[in-house]
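Asks: So that you can map any letter, position 300 of the first sequence is 300 in this note's numbering, and since no number is skipped, the others follow by simple counting.
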Amino acid sequence: MACAERSEMSYKEKARISFPKDLQNGNLKTTLWLAMAEDRKTPEMRAQMTEIERLRHSAAHVLATAILKIWPEAQFAAGPPVENGFYYDVDLPHRISPEDFEKIEAEMKKEIKANHTFERMEVSRDEALEMGKKGRLAALSDRNDPSKFKLDIIENIPASETISFYRNGEFIDLCAGPHVMRTGNVGAFKLTHVASAYYKGDEKNPQLQRIYGTAFKNKTQLDEYFAMLEEAKKRDHRKLGKELEIYIIDDEVGPGLPLWLPRGAAMIEELEKLAKETEFAAGYQRVRSPHIAREQLYLKSGHLPYYKESMFPPMELRESHPIIEDFFSQFEKKGHLHLGENEELLISIEEELSDTFPKGAIIGAKLDAFLQKIPEELRSRVTRASLEKLVRDLEDHRLRKLIPPADRYYLKAMNCPHHHKLFAAVPHSYRDLPLRFAEYGTCYRYEQSGELFGLMRVRSMQMNDAHIYLTPEQFEAEFNAVNEMYLKYFKLFGIEKYLMRFSTHDPAKLGQKFVDEPELWKQTEEMTRNVLKNSEINFVEVPNEAAFYGPKIDVQAWSAIGREFSIATNQVDFAQPRRFELVYKDKDNTEKTPLCIHRAPLGTHERFIGFLIEHYAGNFPLWLAPEQVRILPIGDEAPLLDYSTSILNELRAHQVRAEIDKSTDKINGKIQRAEQMKVHTMLVIGNRDMEANAVSVRIHGQGNLGAKPRDEVIADILQSIKERRA
RNA sequence: GCCGACGUAGCUCAGCUGGUAGAGCAACGGUUUCGUAAACCGUAGGUCACGAGUUCGAAUCUCGUCGUCGGCUCCA
Numbered sequence: 001m002a003c004a005e006r007s008e009m010s011y012k013e014k015a016r017i018s019f020p021k022d023l024q025n026g027n028l029k030t031t032l033w034l035a036m037a038e039d040r041k042t043p044e045m046r047a048q049m050t051e052i053e054r055l056r057h058s059a060a061h062v063l064a065t066a067i068l069k070i071w072p073e074a075q076f077a078a079g080p081p082v083e084n085g086f087y088y089d090v091d092l093p094h095r096i097s098p099e100d101f102e103k104i105e106a107e108m109k110k111e112i113k114a115n116h117t118f119e120r121m122e123v124s125r126d127e128a129l130e131m132g133k134k135g136r137l138a139a140l141s142d143r144n145d146p147s148k149f150k151l152d153i154i155e156n157i158p159a160s161e162t163i164s165f166y167r168n169g170e171f172i173d174l175c176a177g178p179h180v181m182r183t184g185n186v187g188a189f190k191l192t193h194v195a196s197a198y199y200k201g202d203e204k205n206p207q208l209q210r211i212y213g214t215a216f217k218n219k220t221q222l223d224e225y226f227a228m229l230e231e232a233k234k235r236d237h238r239k240l241g242k243e244l245e246i247y248i249i250d251d252e253v254g255p256g257l258p259l260w261l262p263r264g265a266a267m268i269e270e271l272e273k274l275a276k277e278t279e280f281a282a283g284y285q286r287v288r289s290p291h292i293a294r295e296q297l298y299l300k301s302g303h304l305p306y307y308k309e310s311m312f313p314p315m316e317l318r319e320s321h322p323i324i325e326d327f328f329s330q331f332e333k334k335g336h337l338h339l340g341e342n343e344e345l346l347i348s349i350e351e352e353l354s355d356t357f358p359k360g361a362i363i364g365a366k367l368d369a370f371l372q373k374i375p376e377e378l379r380s381r382v383t384r385a386s387l388e389k390l391v392r393d394l395e396d397h398r399l400r401k402l403i404p405p406a407d408r409y410y411l412k413a414m415n416c417p418h419h420h421k422l423f424a425a426v427p428h429s430y431r432d433l434p435l436r437f438a439e440y441g442t443c444y445r446y447e448q449s450g451e452l453f454g455l456m457r458v459r460s461m462q463m464n465d466a467h468i469y470l471t472p473e474q475f476e477a478e479f480n481a482v483n484e485m486y487l488k489y490f491k492l493f494g495i496e497k498y499l500m501r502f503s504t505h506d507p508a509k510l511g512q513k514f515v516d517e518p519e520l521w522k523q524t525e526e527m528t529r530n531v532l533k534n535s536e537i538n539f540v541e542v543p544n545e546a547a548f549y550g551p552k553i554d555v556q557a558w559s560a561i562g563r564e565f566s567i568a569t570n571q572v573d574f575a576q577p578r579r580f581e582l583v584y585k586d587k588d589n590t591e592k593t594p595l596c597i598h599r600a601p602l603g604t605h606e607r608f609i610g611f612l613i614e615h616y617a618g619n620f621p622l623w624l625a626p627e628q629v630r631i632l633p634i635g636d637e638a639p640l641l642d643y644s645t646s647i648l649n650e651l652r653a654h655q656v657r658a659e660i661d662k663s664t665d666k667i668n669g670k671i672q673r674a675e676q677m678k679v680h681t682m683l684v685i686g687n688r689d690m691e692a693n694a695v696s697v698r699i700h701g702q703g704n705l706g707a708k709p710r711d712e713v714i715a716d717i718l719q720s721i722k723e724r725r726a
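#1: Report the three-state DSSP secondary structure of Lys587 (helix, strand or coil).
#2: By the DSSP assignment, the alpha helix (DSSP H) with Ser301 in it spans what residues?
#3: When you compare only the Cα positions, how much space is there between Lys190 and Arg56?
#4: Would you report the Cα separation of Leu651 and Ala197, rounded to the nearest angstrom?
#5: Count the other CB atoms within 10 Å of the CB of Leu259; is the residue buried (16 or more) or exposed (fewer)?
#6: For Asp657, which option in Ile717, Lys670, Phe611 has the closest C-alpha, if you only look at C-alpha atoms?
#7: Taking all protein chains shown into account, decide if Ile590 is buried (16 or more other Cβ within 10 angstroms of its Cβ) or exposed.
#8: Using a threshold of 7 Å, is the CB atom of Leu63 nearer than that to any non-hydrogen atom of the ligand ADP?
#9: Go to Ala424, then tell me how far its alpha helix (DSSP H) extends in each direction, as first and last residue.
#10: I need the DSSP call for Ser731, collapsed to helix, strand or coil.
#11: Taking only the alpha-carbon atoms, compute the straight-line gap between Ala66 and Lys109 and give it to the nearest angstrom.
#12: Buried or exposed: where does Gly703 fall if 16 or more other Cβ atoms within 10 Å of its Cβ makes it buried?
#13: Contact check, Ala293 vs Tyr444 under 8 Å by CB: the rounded distance?
#14: Tell me Pro595's beta-bridge partners as DSSP assigns them.
#15: Measuring alpha carbon to alpha carbon, tell me which residue in Ile631, Glu637, Leu622, Gly635 is nearest Leu648.
#16: Quick one: residues in its chain with C-beta nearer than 7 Å to the C-beta of Asp432, no 5 flanking neighbours on either side, listed in chain order?
#17: From Phe118, Asp145, Glu119, pick the residue whose C-alpha is nearest to that of Met131; which is it?
#18: With DSSP as the reference, label Asn144 as helix, strand or coil.
#19: To which residues of the same chain is Leu151 closer than 6 Å at the C-beta, ignoring the five residues directly before and after it?
#20: Which residue comes first and which comes last in the alpha helix (DSSP H) that contains Lys219?
#21: By Cβ distance below 7 Å, which residues in the same chain neighbour Leu297 in space, the five residues on each side in sequence not counted?
#22: For His94, which three-state DSSP category applies?
#23: For the beta strand (DSSP E) containing Gln556, list its first residue and its last residue.
#24: Could you compute how far the alpha carbon of Met456 sits from the alpha carbon of Ser503?
#25: Between Asn570, Ala694, Met485, which lies nearest to Pro709 when the distance is taken from Cα to Cα?
#26: Give the secondary structure of Phe118 by DSSP, where H, G and I count as helix, E and B as strand, and everything else as coil.
#27: Would you check if the distance between the CB atom of Met463 and the CB atom of Tyr440 is smaller than 8 Å?
#28: For Asn570 and Ile553, what's the separation of their Cα atoms in angstroms?
#29: Is it the case that the Cβ atoms of Pro551 and Thr524 are separated by a distance below 8 Å?
#30: Distance check for Gly213 and Asn25, CA to CA, integer angstroms please.
#31: State buried or exposed for Arg288, treating a residue as buried only when at least 16 other CB atoms are found within 10 Å of its CB.
#32: Considering Cα atoms alone, identify which of Leu520, Thr664, Ser301 is closest to Arg579.
#33: For Gly213, list the residues DSSP reports as bridge partners.
#34: Evaluate Gly450 with the Cβ neighbour count: other Cβ atoms within 10 Å of its Cβ, from every protein chain shown; 16 or more gives buried, anything less gives exposed.
#35: Can you tell me whether Pro728 is buried or exposed, with buried defined as 16 or more other CB within 10 angstroms of its CB?
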């Protein structure tokens with residue numbers, strides 16, 4: 001209703017920011033409320049608002065009150081709490097900019113100081129409409145213009161629901177609540193930014209100004225929140241990714257197409273090694289597949305019907321023939337001609353030719369003859385486009401055969417169709433199942449330009465993908481095994497908080513967004529729900545966000561500073577195995593269709609490394625560090641360099657990513673540069689160390705640990721890497 | 001894709017209301033031989049994102065394109 005009519009977060013907000021405090025002690029209410037991405041929230045759903053959300057929602061009313069004090073003509077739409085604060089959408093000729101914030105905040109403070117009660121009033125529909133018509137809703141007094149958005153919102157309130165207003169001081173708003181008791185309960189707040197948003201998120205609707213702010217019980221919490229944001233800024237993967245030389249995105253290569261520098265590539269190699277070891281031990285087999293495939297593969301998989309807007313447009317291949325190329329390129333240069341007028345002529349030529357050439361004659365030769373039959377004066381006015389259009393318009397006419405049909409190839413957006421083909425390549429018995437195909441496959445998705453965001457949202461990505469083919473009976477055990485793997489990774493990376501978002505389908509969208517298999521949807525969702533319930537795993541259920549081929553689980557993880565990331569995914573697929581006619585021979589000698597689990601515990605390299613950069617603030621553990629060891633000789637005398645180099649060589653012989661700093665900087669300078677690059681272990685080597693066959697160890701973040709025997713240090717480095725010590 | 005802001009050397013940034021670019025770090029060349037977060041001197045480096053336009057004159061003003069960022073619709 002009024003203020004919290006919609007509370008949909010942007011994707012970025014979902015992927016990036018979450019406030020940790022609300023979620024501690026297993027309290028998942030914040031996420032429950034925010035996960036309910038419904039168009040309208042029912043009173044029951046609203047009742048689940050947490051304390052902090054009520055406070056923020058109330059802060060939105062205070063914001064509106066303040067804006068009206070300055071600009072009484074302001075028209076308000078919706079003002080819900082969101083994950084880290086609140087906003088209110090306002091329609092106002094004056095463009096509010098951050099310079100106005102001080103003024104608005106001053107008015108808000110007055111309102112909070114006045115400590116007005118949030119008074120709830122239940123009214124009839126007619127009363128509500130009347131108030132709206134005289135502009136009294138989301139207003140301080142009657143106005144000349146009606147409260148247009150509020151009137152629209154009233155229209156959409158189901159007859160069964162009570163309509164209520166909330167009043168604080170002079171301000172009255174259409175609102176279902178709930179609120180805190182008094183404006184004074186909005187302890188500490190701050191306006192953060194202003195953005196534009198369409199009314200109801202529909203671009204056909206007018207654009208509103210969305211004023212964002214955040215609020216907390218007290219100033220301490222507010223300050224903590226901004227300190228967290230500051231910290232997040234310092235850890236921003238785009239900033240650190242550049243500083244630490246992990247990746248770049250180059251305009252000429254293309255937006256959303258990261259290039260991995262050696263340091264980033266080293267991290268990728270480590271992640272792949274980790275995944276390969278883990279998956280091998282869990283009975284996965286590696287497969288490999290190309291980056292492109294023909295249109296028909298994706299028609300079969302369902303990606304083209306259901307997922308097309310996320311795919312790059314196709315590459316069209318045509319049988320190359322010099323005459324065709326010449327024909328087309330000649331006409332492209334000349335004027336246009338609507339070939340339609342000459343259709344009859346073309347058809348007659350074709351008919352004549354079909355007598356000359358026996359069936360099965362090669363297209364090229366036939367086409368040569370065809371082209372030569374076109375009168376010179378006509379050729380000069382034909383364009384490739386017009387000829388193609390003509391041929392396309394003829395559709396089934398045999399003339400169409402003169403132009404080889406376009407052979408379309410798509411960049412793969414998902415690995416599954418390729419893996420299904422691999423499954424189908426060999427006959428399978430029930431004894432083969434579960435069959436697990438794993439691949440760090442590269443996928444390309446056409447994300448809209450506005451979606452791109454550093455490494456977190458890209459157009460080329462390499463996924464820690466695998467497809468598990470299994471029987472329904474095996475589902476529970478295998479699904480749990482997959483979850484075990486997630487938990488193992490979380491532990492390794494020190495991810496303490498996570499949540500699985502279980503996304504189901506919307507029956508109303510069968511055949512559009514979701515494959516039209518109502519029964520299978522029900523079955524697999526039920527099955528998944530039960531397994532989740534039987535496990536210890538935190539999960540919430542979110543309607544209408546499944547994959548097109550089955551229920552989906554998005555795994556959200558919280559970084560060390562408490563920001564939330566959607567990193568991994570886990571999906572149940574009943575649709576594609578059918579579409580690909582995948583079968584296994586069961587005990588009873590009948591052919592059955594397996595189920596498929598898609599899983600990607602480490603998500604994509606791109607997003608996962610983006611997450612890790614923030615999580616570790618670039619201070620990676622030794623096993624993962626791009627540069628594990630840097631040797632810093634004190635001085636450049638030959639014996640010292642020889643000793644240093646022998647250590648370098650020994651480390652490298654054991655696959656340790658080690659470097660040596662032979663620059664002319666003094667030792668402090670060398671240390672400074674190594675620290676800035678967050679090199680994990682620095683081995684400072686001077687004459688004293690050389691004479692004792694020792695090295696002085698300095699660890700990034702720990703400082704100087706003093707001299708130690710050379711062999712001991714090397715053994716410890718190797719052991720730490722082997723164990724993947726934190 | 002839409003709305004808004006921004007785009008200066010490899011990096012971080014100066015360059016006021018138009019008078020054809022500047023610093024620090026990095027790089028390169030010297031000197032320095034230094035024990036745990038920056039030794040010193042010098043050299044070189046820019047079609048001021050790209051393309052048009054206004055102007056005697058554009059990094060600066062206008063328009064377009066591309067890109068980045070903040071939002072809006074979607075995913076790993």
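C-beta atoms are modelled at their ideal positions from N, C-alpha and C, and glycine is treated no differently.
Replies: So, from the listed chains and residues:
#1: Correct three-state label for Lys587: coil.
#2: It spans 295-301 - the alpha helix (DSSP H) in which Ser301 sits, taken as one unbroken run.
#3: Taking the straight line from one Cα to the other gives about 11 Å.
#4: The straight-line gap from Cα to Cα measures roughly 56 Å.
#5: Looking at its Cβ environment, which holds fewer than 16 other Cβ atoms inside 10 Å, Leu259 is exposed.
#6: In the sequence on display, residue 657 carries Arg and not Asp. Of the candidates Ile717, Lys670, Phe611, the one whose C-alpha sits nearest the C-alpha of Arg657 is Ile717.
#7: Strictly speaking, residue 590 in this sequence is Thr, with Ile absent from that position. Here Thr590 is exposed: its Cβ has fewer than 16 other Cβ atoms, across all protein chains shown, within 10 Å.
#8: Absent from the structure shown: the ligand ADP. Ligands present: none.
#9: Start and end: 416-424.
#10: Residue 731 cannot be examined here, being either before or after the span of the chain that is shown, 1 to 726.
#11: Straight-line spacing of the CA atoms in Ala66 and Lys109 works out to 9 Å.
#12: When all chains shown are included, Gly703 counts as exposed.
#13: Actually they are not in contact, since the Cβ atoms of Ala293 and Tyr444 sit about 12 Å apart, beyond 8 Å.
#14: The sequence shown places Leu at residue 595, not Pro. Beta-bridge pairing links Leu595 to Leu470.
#15: When only C-alpha atoms are compared, the closest one is Ile631.
#16: Cβ neighbours of Asp432 beyond the five flanking positions: Tyr584.
#17: Selected option, being the one with the closest Cα: Asp145.
#18: Asn144 falls in the coil class under three-state DSSP.
#19: Within the same chain, Leu151 has close Cβ partners Gly132.
#20: Here the alpha helix (DSSP H) through Lys219 covers 219-234.
#21: Result list for Leu297: Pro417, in chain order.
#22: If DSSP states are grouped into helix, strand and coil, His94 belongs with coil.
#23: Per DSSP, Gln556 is one residue of the beta strand (DSSP E) stretching across 552-558.
#24: Inter-residue distance for Met456 and Ser503 is about 21 Å (C-alpha atoms, whole angstroms).
#25: The shortest CA-to-CA distance from Pro709 to any of Asn570, Ala694, Met485 is the one to Ala694.
#26: If DSSP states are grouped into helix, strand and coil, Phe118 belongs with coil.
#27: In this structure, Tyr440 lies closer than 8 Å to Met463 by Cβ.
#28: Taking the straight line joining both Cα atoms gives about 5 Å.
#29: Closer than 8 Å, so yes.
#30: In this prediction, Asn25 has a pLDDT of 30, which is less than 50 and means its spatial position is unreliable; nothing more can be read from the coordinates.
#31: Arg288 is exposed by the Cβ-count criterion.
#32: The shortest Cα separation from Arg579 among Leu520, Thr664, Ser301 belongs to Ser301.
#33: Answer is Phe86, Leu191, bridged to Gly213.
#34: By the neighbour-count criterion, in which 16 or more other beta carbons inside 10 Å mark a residue as buried, Gly450 falls on the exposed side.
#35: The structure shown does not extend to residue 728, since the chain spans only 1 to 726, so no value can be given for it.
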